[in-house]
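Asks:
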Amino acid sequence: MSRKVCASAADAVGVITSGATLAVGGFGLCGVPDALIEALHDLGVGDLEVFTNNCGVDDYGLGILLAQRRIRRVTASYVGENKEFARQYLAGELEVELVPQGTLAERLRAGGAGIPAFYTPAGVGTLVAEGGMPWRYAPGGEIEVASPAKEVRTFGGREYVMERSITADYALVHAALGDTDGNLVFDKTAQNFNPLAAMAGRITIAQVEELVAPGVIDPSEVHLPGVFVQRIVDTGPQAKRIEKLTVATEGAAA
5 MSRKVCASAA
15 DAVGVITSGA
25 TLAVGGFGLC
35 GVPDALIEAL
45 HDLGVGDLEV
55 FTNNCGVDDY
65 GLGILLAQRR
75 IRRVTASYVG
85 ENKEFARQYL
95 AGELEVELVP
105 QGTLAERLRA
115 GGAGIPAFYT
125 PAGVGTLVAE
135 GGMPWRYAPG
145 GEIEVASPAK
155 EVRTFGGREY
165 VMERSITADY
175 ALVHAALGDT
185 DGNLVFDKTA
195 QNFNPLAAMA
205 GRITIAQVEE
215 LVAPGVIDPS
225 EVHLPGVFVQ
235 RIVDTGPQAK
245 RIEKLTVATE
255 GAAA
C-alpha cells in the first residue's frame, strides 16, 4: 500500500495543528471535503486561516468550524448561504478578505505553479486596487482593518492590478476517484476549486469516493496528478446536499 494512503479521515488530518493555513476546495455544497472537515473539527484545532470560495452553510462543511469559532480569517469570493459567516464578519469577530472569484482561482493556481504574483484587470478602479475594503469591523461597526492599496501598472495602454499568489500549509479536497499514488479525477462541476486548492497546499489531503490501484485510471483522464497530493483517504460515496431548494407552488404553470 502506498505511503500516501491513510486509514481514516482522522488519520489524514492528524498532522494539522492550530494556527495553520488551509486551502479548501468546493463551491457552495458541491465537491466539499466534508469528511476531512468533520475530522478536523473533532481534532479540536483552531485559530485557522482559510482560503476557499465560500464557507458552505451553517451546519455543513466549513460552517461547522465557523460555528465553533475555529476560524480567525477567511479569504473568499462571497459569503454565500452561511448566516453565521455573515454575522461574525459584520460583528467584527472574523477577518474576511473578499476577492473577485476569478482572481481567487488564479491566486491559488499561481501559488501551486510557483508564480509569486500576476497582473489582472479585475478590480482596477475599485477598492480592490485602491484599498479600503473592510477586512475586519470593530464591534461598533466602523472599519478596524482595511485592505491596502495594490500596485497598478499599464500594459498595452490598459491598467492592471498586481495580485499575490496563495500558498497554504495544507489543502483539503474532495474527488470522485483517486489511486494510491494520489492521482485524482473530479466529478463534473465538483472540479470547481478542488484542483486549484490542491495545487496551493504544501501538504494536500484528498478524500475520495473510490480508491483504486495505480494504473486503473487512464493517464489521459487524470484531472490532478499525484505529485500535488501527499495524503489520501477513501471516505466512500458522498451524500449530495442541496444548498438552496426552490420548489414550484401548487397550481403554478409547468
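With positions in the sequence shown counted from 1, the corresponding number in the numbering used here is that position plus 4. Here a beta-carbon is modelled for each residue, glycine too, at the ideal position from N, C-alpha and C. The model shown is predicted, which means the values in this text are computed figures rather than measured ones.
Measure the CB-CB distance between Thr193 and Val212 and report whether it falls below 8 Å.
Replies: The answer is no: Cβ separation not under 8 Å.
Asks: Where DSSP assigns a beta bridge to Arg162, which residues make up the other side?
Replies: Arg162 pairs with Phe159.
Asks: Verify whether the separation of the beta carbon atoms of Lys8 and Val233 is less than 8 Å.
Replies: It is a contact, given that the beta carbons lie within the stated cut-off.
Asks: For Ala153, tell me which candidate among Arg245, Ala16, Thr21, Gly129 has the shortest Cα-Cα distance.
Replies: Of the candidates Arg245, Ala16, Thr21, Gly129, the one whose C-alpha sits nearest the C-alpha of Ala153 is Gly129.
Asks: Measure from the alpha carbon of Gly96 to the alpha carbon of each residue in Gly67, Asp63, Glu148, Ala117, then state which is nearest.
Replies: The candidate whose alpha carbon is nearest that of Gly96 is Glu148.
Asks: DSSP state of Leu98, grouped into three classes?
Replies: DSSP places Leu98 in coil when its eight states are reduced to three.
Asks: DSSP on Leu108, reduced to helix/strand/coil?
Replies: DSSP places Leu108 in helix when its eight states are reduced to three.
Asks: Under 8 Å by Cβ, that's how I've got Asn196 and Gly29 pegged, so tell me the actual separation to the nearest angstrom.
Replies: Going by Cβ atoms, the distance from Asn196 to Gly29 rounds to 7 Å, so yes, they are a contact pair.
Asks: Nearest to Leu26 by CA position, among Gly50, Gly145, Leu33, Thr184, is which residue?
Replies: Checked all of Gly50, Gly145, Leu33, Thr184; the closest Cα to Leu26 is Gly50.
Asks: Taking DSSP's pairing of strands, which residues face Gly182 in a bridge?
Replies: Paired residues: Leu188, Leu215.
Asks: Work out the CA separation of Glu214 and Pro125 for me, nearest whole Å.
Replies: Their Cα atoms are separated by approximately 40 Å.
Asks: Output needed for Gly186: all residues of its chain with C-beta closer than 6 Å, excluding positions within five of it in sequence on either side, in chain order.
Replies: Cβ neighbours of Gly186 beyond the five flanking positions: Lys8, Gly230, Val233, Ile236.
Asks: For Thr56, which residues from the same chain have a beta carbon less than 6 Å from its beta carbon, with the 5 sequence-adjacent residues on both sides left out?
Replies: Only Val28, Ala80 meet the Cβ criterion.
Asks: Quick check: the Cα distance between Pro104 and Ala24, rounded to an integer number of angstroms?
Replies: Distance between the alpha carbons of Pro104 and Ala24: 24 Å.
Asks: At what residue ranges does the segment 21-91 contain a whole run of the alpha helix (DSSP H), taking only runs of 4 or more?
Replies: Segments of the alpha helix (DSSP H) lying fully in the segment 21-91: 38-47, 67-71.
Asks: Assign Thr193 to one of three DSSP states: helix, strand, or coil.
Replies: Helix.
Asks: Less than 8 Å between the beta carbons of Phe181 and Leu40, yes or no?
Replies: Reading off the sequence, residue 181 comes out as Leu, not Phe. No, they are not a contact pair.
Asks: Run the CB neighbour count on Gly106, radius 10 Å, all protein chains shown included, and call it buried at 16 or more, exposed below.
Replies: That one is exposed.
Asks: Go ahead and pull the three-state DSSP assignment for Asp15.
Replies: In this structure, Asp15 counts as helix in the three-state DSSP scheme.
Asks: Kindly indicate which residue of Leu70, Gly65, Lys244, Lys248 has the alpha-carbon position closest to the one of Glu88.
Replies: The candidate whose alpha carbon is nearest that of Glu88 is Leu70.
Asks: State the Cα-Cα distance for the pair Arg76 and Val226, rounded to the nearest angstrom.
Replies: Rounded to whole angstroms, Arg76 to Val226 spans 35 Å at the Cα level.
Asks: Would you mind stating whether Leu108 and Tyr64 have Cβ atoms separated by less than 8 Å?
Replies: No, the pair does not count as a contact, with Cβ atoms beyond the cut-off.
Asks: When DSSP labels each residue in this structure, what does Val254 get in the three-state scheme?
Replies: According to the sequence as given, residue 254 is Glu; it is not Val. Glu254: coil per DSSP, three-state reduction.
Asks: From what residue to what residue does the beta strand (DSSP E) around Ala150 run?
Replies: Counting along the chain, the beta strand (DSSP E) containing Ala150 begins and ends at 147-150.
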